[in-house]
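Novice: What follows is a single structure, and I will ask about it in a moment.
Printed below as a string of structure tokens:
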């Protein structure tokens, strides 16, 4: 109890010393005095009737009161936290043991109060830099990604790579596999040889529905030729997985499923194949991220840029070298949208890694694929439509006929069914499945005979039969339109909501509550045989369903039209505050919207893209005319509540970061959202602005004919109609705006002008139109500074030519890049760079984020452009930009060939400017060993001083690059050179937990007690970072446990501040003085108290530490 009263009385005393400018604070102080007086008259509070633990309750009240006073009192200690709050906290923690002895317990409230009383401190910049890996709440949250904890960096790299998850395809196909089928494949000689023979390619081909994908899911009896491993239903992928796990350090595997069942699938893209394989093989490396992937991440500005195709290929090539054997399995190659690219990649990668790579493919026998694989000398082909697959079909039929639903048929009838279906299958598993589904519905012999006599001849006929027999053909068609052309995977609830829109009304679709399905699972009944459901998501059962549907049932434009109309009908339902009350935004919750209106989010974010894909934006159609009339309240020019709902809902969705993580986004949706991310949905833009954005020509014409101001903007100039129309590429709308007097040189927004917006987007015809109507070709503003810069950055060669022909200044300065040549050089557009130079671009013009065109090319790895610039007189040593020089930029990003090129052309490798001091320090920091070697071979000064890290050796030591540290020492690096945030190389290694480097430095004469840097000493650095083994190493090598200095004052205070209990014990065991004063917290006990580290508080008290007030 005494401890609790100590807290109260101390709080009262300190509060009374503050200037009582507020009556409420004065009243609080008076109340605290009264509580203390009342408590002093009660010698045994625990026995008062009606109380359970008075000591604990008073402790809580004391803490809460102290917090309130602290929040009021002006800061008085180092401008960071009030003496009241600081002292209350230290008193609370120091009294913890007393409270425990009196029966009180440490409560969650106590911990919470402690954290509120003493806010996080702002640690100086030097310590932020020196202490990145420790994860201090006071450290810069925007620290470099490559300096994060390894597990955090691994997670960040996974997020950045955006590799699609193909396991749902794997699991869905596995679910369909019939045990006992496909054994002919895994037991066959060709599969065995493929598994054992590096450089081999195994191609399984067959027609649609022949079971190519399912063949990956077969019964295994053996994994290798020596002993049985698996005697259960498994998969070809699992076969390889188990085989690789016999020797996980030298065998790797990855698989990828191209999936064409959806229009905008991540698994249709060649680029995602490479990303997925890289990440899967990276995961096979255990907890460590392969160096190749870390290097790629660094080269791409720690994830701020996306890698080029060539960079992905190079990274994969390096990762393949990690394993003795790597197995890559690619399913449904024929469904990839860029088959030629994949085939070229297969030829290249199998040639480069013939000694270690095994590739398996499945596809249809398309001529393009056949031709693409022909050059491969070691390809084995297996046709699935032969006698081998006939056995699998028989096994499947036997299993289906033995299901309980088939008990009504005797053995003779079952044999007739089996023979008839098998004979008609022609090796098509998909066809067999559909026929057995129909036979299962037969109730008598007459129906069975009729079914067997009318079997469809092929898959197309089978699908036609399903449509003919459907009781709800229109509903079935609508659902399939959504499943084929929706840009996102659809859930059953979303699809059920689609059916709540009535298309049979008065010419305009209308959302009706009474049409909502009570049981969304009815979707599966309506679409039986054509769709599958997996983890709540509905998708087409097979790629052939999509092919049939597009060829025989609907068109792409019609489907997009239906989807867009459905979305608009959903949005038009939100026509008043009774449904969604946007007048009180806090009352609208996204989770509630998801629950009440499952389609609303999809509708709000995707209706525009479907509308534009339908062609109705330009041609118009009566249904859309009516829908847009309601959305834009035509012919009025004022806002409708529905428009407010769409805009507000869109903004609400954009604020939900989790909703729009990449793995839930398609490329079309990404385009729409990227626009909105850059230009937030303006709440006060005109309806004309939104009509221009959607591309609705009729809506724009109606609005302007009814008096809409074509130059009107909201609170931001970027909301002018001409700017958005130019950005989105709506040529006819721009014509209408210009005819109505739109200001052609209107400025504002990220693009600065309409011409710049058109140039950035690659809209050549719009650029021509604007120039013909007098647009100022050199108007300044926006992110790019000028239209020519925008075209150059985007790689739009024809627009760049057009602008130059119309007087664009080739050396106009401005924007992020600084000049058009800088922009082209940074983005790697060689032809545009040549064009600009031919038109008088100054090769050494300074400015922009890169400083020079050569640095822009060097930083981004564009070798050919770097050569071009040097051939045209680029100054290799021009200073400026983030990295100071082109050589430093190349060294930071690891571009070895460019670094060599620059050195051949006279680059000063000891040029000391920029963030990293020198090229050698930059290469050392980022772990580019080969560049370090080249720089040293060319006379790089190993001891040149730098700002952040002091020296190249300190940089390598901080980041844990052991081989580079050894190389630098071999080349004369001074082990005790002073400077930089860490003060010394040993302190840098100690702070980062680089044990092997710390040993190396000590072996090479590093002084263990050298003073300086953010921490003052190596031991303090290790203590703050929680580096126990390094702390032991330093003490063994004579570190002074009580050396004073640095941010924390002493090693013990550093350990106490960060809650490093084991290190605190070690330091105390080695004679640390608990009373040593100084540093940020003045003492170790106050440091532990400020951090809420109660165990360390107790430890220090046991060693005699006391609070000084």
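Numbering (the working numbering), first residue to last: 59 to 1167.
Idealized CB from N, CA, C, for every residue including glycine.
Remember, it's a predicted structure, so these values are computed and weren't measured experimentally.
Just verifying my parser: in three-state terms, what is the DSSP assignment at residue 843?
Specialist: Against the chain shown, residue 843 aligns to sequence position 785. Three-state DSSP puts residue 843 in a strand.
Novice: Are there 16 or more other CB atoms within 10 angstroms of the CB of residue 786, so buried, or fewer, so exposed?
Specialist: On the chain shown, position 728 is the one that residue 786 refers to. Buried, since its Cβ has 16 or more Cβ neighbours within 10 Å.
Novice: Between which two residues does the alpha helix (DSSP H) harbouring residue 482 extend?
Specialist: As a first step, residue 482 is located in the chain shown; it is residue number 424 there, counting from the start. Unbroken alpha helix (DSSP H) run through residue 482: 469-483.
Novice: Could you say if the region 940-953 and the region 979-992 meet the contact criterion of at least three C-beta pairs nearer than 8 Å?
Specialist: Taking 8 Å as the limit for Cβ pairs, the verdict is that the region 979-992 does touch the region 940-953.
Novice: Which one of 486, 824 and 402 has the shortest CA to CA distance from residue 1175?
Specialist: Nothing in the structure corresponds to residue 1175, since the chain is present only between 59 and 1167.
Novice: Among 797, 217 and 772, which has the Cα closest to the Cα of residue 744?
Specialist: Within the chain shown, numbered from 1, the residue matching residue 744 stands at position 686. Comparing Cα-Cα distances from residue 744 to each of 797, 217 and 772, the minimum goes to 772.
Novice: So, does the region 649-667 touch the region 584-600, judging by three or more C-beta pairs under 8 Å?
Specialist: With a cut-off of 8 Å, the region 584-600 and the region 649-667 do not count as touching, because too few Cβ pairs lie within range.
Novice: Tell me, to the nearest whole angstrom, how far the beta carbon of residue 1101 is from that of residue 1128; I am working on the premise that it is less than 8 Å.
Specialist: Translated into the one-based positions of the chain shown, residue 1101 becomes position 1043. Translated into the one-based positions of the chain shown, residue 1128 becomes position 1070. No, residue 1101 and residue 1128 are not in contact; Cβ-Cβ is about 12 Å, not under 8 Å.
Novice: Tell me where the beta strand (DSSP E) around residue 420 begins and ends.
Specialist: By 1-based counting over the chain shown, the position of residue 420 is 362. Segment 415-421, the beta strand (DSSP E) holding residue 420.
Novice: Mapping DSSP to helix, strand and coil, what is residue 1083?
Specialist: The residue labelled residue 1083 in the question sits at position 1025 within the chain shown. DSSP places residue 1083 in helix when its eight states are reduced to three.
Novice: DSSP on residue 261, reduced to helix/strand/coil?
Specialist: Position 203 of the chain shown, counted from the start, is the residue given in the question as residue 261. Looking at residue 261 - three-state DSSP - the assignment turns out to be strand.
Novice: Sort 758, 214 and 1021 by Cα distance to residue 689 and report the nearest one.
Specialist: As a first step, residue 689 must be located in the chain shown, where it is residue number 631. Closest by alpha carbon: 758.
Novice: In the DSSP assignment, what are the bridge partners of residue 592?
Specialist: Residue numbering aside, residue 592 sits at position 534 when the chain shown is read from its first letter. DSSP lists 595 as partners of residue 592.
Novice: Measuring straight from C-alpha to C-alpha, what distance separates residue 573 and residue 610?
Specialist: Locating residue 573 in the chain shown gives position 515, counting from the first residue. Locating residue 610 in the chain shown gives position 552, counting from the first residue. Roughly 28 Å separates the two Cα atoms.
Novice: Would you please state the rounded distance, in angstroms, between the beta carbons of residue 830 and residue 855? I believe it to be under 8 Å.
Specialist: By one-based count along the chain shown, residue 830 stands at place 772. By one-based count along the chain shown, residue 855 stands at place 797. The pair is not a contact, with the Cβ atoms about 20 Å apart (cut-off 8 Å).
Novice: For residue 870, which residues in the same chain have their Cβ closer than 8 Å to its Cβ, ignoring the five residues on either side in sequence?
Specialist: Here residue 870 refers to the residue found at position 812 when the chain shown is read from its first residue. Contacts found: 836, 838, 843, 844, 846, 847, 877 and 878.
Novice: Which residues in the same chain have their Cβ closer than 8 Å to the Cβ of residue 1059, if we skip the five residues on either side of it in sequence?
Specialist: The residue labelled residue 1059 in the question sits at position 1001 within the chain shown. 1015, 1023, 1033, 1043, 1044 and 1047, listed in sequence order.
Novice: Taking DSSP as the reference, what is the three-state secondary structure of residue 108?
Specialist: Here residue 108 refers to the residue found at position 50 when the chain shown is read from its first residue. Note on residue 108: pLDDT 44, under 50, position unreliable in the model; the coordinate value appears next. In the structure shown, residue 108 sits in coil (DSSP, three-state: anything other than H, G, I, E or B).
Novice: What are the start and end residues of the beta strand (DSSP E) that includes residue 438?
Specialist: To locate residue 438, count along the chain shown from 1; it is residue 380. Residue 438 -> beta strand (DSSP E) spans 437-441.
Novice: So what's residue 677 in DSSP terms, helix, strand or just coil?
Specialist: Here residue 677 refers to the residue found at position 619 of the chain shown. Residue 677 falls in the helix class under three-state DSSP.
Novice: DSSP three-state call for residue 458: helix, strand or coil?
Specialist: On the chain shown, position 400 is the one that residue 458 refers to. If DSSP states are grouped into helix, strand and coil, residue 458 belongs with the helices.
Novice: Alpha carbons only, please: which of 619, 319 and 297 is nearest the one belonging to residue 310?
Specialist: The sequence position of residue 310 within the chain shown is 252, counting from 1. Checked all of 619, 319 and 297; the closest Cα to residue 310 is 297.
Novice: By the three-class DSSP mapping on this structure, what secondary structure does residue 1131 have?
Specialist: For the purposes of this step, residue 1131 is taken as the residue at position 1073 of the chain shown. Three-state DSSP puts residue 1131 in coil, outside helix and strand.
Novice: Report all residues from its chain with a CB closer than 8 Å to the CB of residue 151; omit the five preceding and five following residues, and keep chain order.
Specialist: The count along the chain shown starts at 1 and reaches residue 151 at position 93. Below a pLDDT of 50, predicted positions are generally treated as unreliable, and residue 151, at 35, falls in that range; the measurement from the model is reported next regardless. Within the same chain, residue 151 has close Cβ partners 172, 1146, 1147, 1150, 1152 and 1155.
Novice: Find the nearest neighbour of residue 670 within the set 750, 505 and 1049, judged by alpha-carbon distance.
Specialist: Numbered from 1 along the chain shown, position 612 holds the residue referred to as residue 670. Minimum Cα distance to residue 670 is reached at 750.
Novice: Would residue 1158 be called buried (16 or more neighbouring beta carbons within 10 Å of its own) or exposed?
Specialist: As a working mapping, residue 1158 is identified with position 1100 in the chain shown. Under this definition residue 1158 is a buried residue.
Novice: DSSP three-state call for residue 202: helix, strand or coil?
Specialist: For the purposes of this step, residue 202 is taken as residue 144 along the chain shown, with counting starting at 1. Residue placement at residue 202 is poorly supported in this model, since its pLDDT is 39, which falls under 50; the coordinates are not used for a value here.
Novice: Would you list the residues sitting across from residue 559 in a DSSP beta bridge?
Specialist: Taking the chain shown and counting its residues from 1, one reaches residue 559 at position 501. The partner list for residue 559 (beta bridge, DSSP) reads 569.
Novice: According to the Cβ coordinates, are residue 911 and residue 880 closer than 9 Å?
Specialist: To locate residue 911, count along the chain shown from 1; it is residue 853. To locate residue 880, count along the chain shown from 1; it is residue 822. Cβ distance < 9 Å, so residue 911 and residue 880 count as in contact.
Novice: Identify the continuous beta strand (DSSP E) that holds residue 386 and give its terminal residues.
Specialist: Taking the chain shown and counting its residues from 1, the one referred to as residue 386 is at position 328. Element bounds for residue 386: 383-389.
Novice: Under the rule that 16 or more other beta-carbon atoms within 10 Å means buried, what is residue 1173, buried or exposed?
Specialist: Only positions 59 to 1167 of the chain appear in this structure, which leaves residue 1173 out of reach.
Novice: Between the C-alpha atoms of residue 409 and residue 375, what's the straight-line distance to the nearest angstrom?
Specialist: On the chain shown, position 351 is the one that residue 409 refers to. On the chain shown, position 317 is the one that residue 375 refers to. Cα-Cα distance, rounded: 11 Å.
Novice: Which runs of the alpha helix (DSSP H) spanning at least 4 residues fall entirely within the region 860-922, listed in chain order?
Specialist: With a minimum length of 4 residues, the continuous alpha helix (DSSP H) runs that stay inside the region 860-922 are 878-885, 888-896 and 911-917.
Novice: List the endpoints of the continuous beta strand (DSSP E) containing residue 309.
Specialist: In the chain shown, counting from the first residue as 1, residue 309 sits at position 251. Where residue 309 is concerned, the enclosing beta strand (DSSP E) stretches over 309-315.
Novice: Leaving out the 5 sequence neighbours to the left and right, which residues in its chain are closer than 6 Å to residue 1094 when beta-carbon positions are compared?
Specialist: Looking up residue 1094 in the chain shown gives position 1036. Excluding sequence neighbours, residue 1094 sits near nothing in its chain.
Novice: I'd like the span of the alpha helix (DSSP H) that includes residue 584, first residue to last.
Specialist: Here residue 584 refers to the residue found at position 526 of the chain shown. Here the alpha helix (DSSP H) through residue 584 covers 580-584.
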